[in-house]
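Please read the structure below before turning to the comments.
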Amino acid sequence: MIQTNVSLRPFTTLRAGGAAERFTIVRTHVHLCAALAQAQAAGPVTILGWGSNVLPSDAGVPGLTIRNEARKIEILADGEVVADSGCGFQELFLKAAQAGLAGLEFAVGIPGTLGGALVSNAGAYRSAISKHLVEIEIVHEGQRKWVRPGWMEFSYRNSVLRRANPPNAAITRVRLRLETGNPVAIYDAAREFQRQRISKQPPSPSAGSFFKNVEDQAFAESLDQLPVALKAAGVTPAGYLIEAVGLKGHQIGGARVGVRHANFILNVGGASATDIRRLAEKVAKSVFDRFGVQLEEEVLYLGDWSGFRPD
Ligand SMILES: Cc1cc2nc3c(=O)[nH]c(=O)nc-3n(C[C@H](O)[C@H](O)[C@H](O)COP(=O)(O)OP(=O)(O)OC[C@H]3O[C@@H](n4cnc5c(N)ncnc54)[C@H](O)[C@@H]3O)c2cc1C
């Protein structure tokens, strides 16, 4: 069933943003592929997982938005897994761990779907989803096909589907290969990652890290106060730069820069998408003015932002 003018706020972890012009929820792979094939022929289509990495414009999202709840996971022989793109990333970890398969421990605490994880090459603790792929099924220009991982052009928190003008394609199913592991060690590693997360993550609605970390060896080495390990890795956490410009706790409307973790933008009560983006723009400008580096959003802006003004 397709509904019109459906608020996307409850479908995002930031709990902000406007309405989808048309909206539907799909719960099976067959239904997802059929809906995509039809929608791609007719106009713009937005696919939404758990909405944990997006900010829909207050002005709304034109065309059809498909919320993907197709979530079947099959564990095959030899460590191979075939999963619908709408399965929960953590559920995938749990199913794999129950089967004694290791490699997805980092997924614990990443609140999205497998499809959303692939689009941004989600990762944590020096692991990323792109390492475990065999093949990806997509619907591209209405055609269903399996492609090699190279099609996605993965890099740090990036893929071809994050480009300004991405291919008219969506991920429907994924084949992964995981390694056999000791279930106790798998759960122990996941528990430790979860423990570290809980100590850092604020409880208010957010989309996780708002900006990508800066990967630039010379820049990292130029920062006197940056810990030695980060200098050696050539990585400057966005949160380090935001804290350095004094914006921890800064607020615009209902949007606030996290105090516990400065790279989180929080909805502390009734934030509009405009509040959140204005705060993000202020953060990015302050960092640029002080350090000369342009922070790049990890969060994706959806819909019509043509009327947006930074202040
Ligand atoms: C508290 C918190 C902690 C987080 N921690 C991490 C972390 O440690 N590491 C990390 O990498 N991320 C993290 N995130 C960000 C986010 O959870 C991940 O990027 C997640 O993988 C997004 O999945 P999703 O289903 O919510 O995607 P959505 O937000 O629904 O969508 C993201 C983008 O992918 C597109 N998309 C979604 N599904 C498909 C599909 N099937 N085919 C094509 N396009 C699709 C959407 O159109 C959108 O452009 C965190 C978020 C929160 C709220």
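Residue numbering for the sequence shown is 504 to 814, as defined by this note's numbering.
Think of the CB as a built atom: it goes at the ideal place given N, C-alpha and C, for glycine as much as any other residue.
Query	Result
Straight-line Cα distance separating P614 from G591	7 angstroms
Validate contact between the region 656-665 and the region 683-691 using beta carbons, cut 8 angstroms, 3 pairs	no
Close Cβ partners of C536 (< 6 angstroms) along its chain, the five nearest in sequence each way excluded	V642, R647 and T675
R525 in three-state terms, based on DSSP	strand
Any non-hydrogen atom of ligand 1 closer than 6 angstroms to W553 Cβ	yes
Closest residue to L769 among A747, R651, I576 and S712 (Cα-Cα distance)	S712
Bounding residues of the alpha helix (DSSP H) (the contiguous stretch that carries Y690)	P686 to K703
Span of the beta strand (DSSP E) around R793	Segment A776 to F794 is the alpha helix (DSSP H) holding R793; no beta strand (DSSP E) there.
Within 7 angstroms, strictly: CB atoms of G757 and G742	no
Collapsed DSSP secondary structure at K575 in the structure displayed	coil
Rounded separation between R812 and A610 - CA only	36 angstroms
Residue ranges of each alpha helix (DSSP H) within the region 550-620, 4 or longer	592-601
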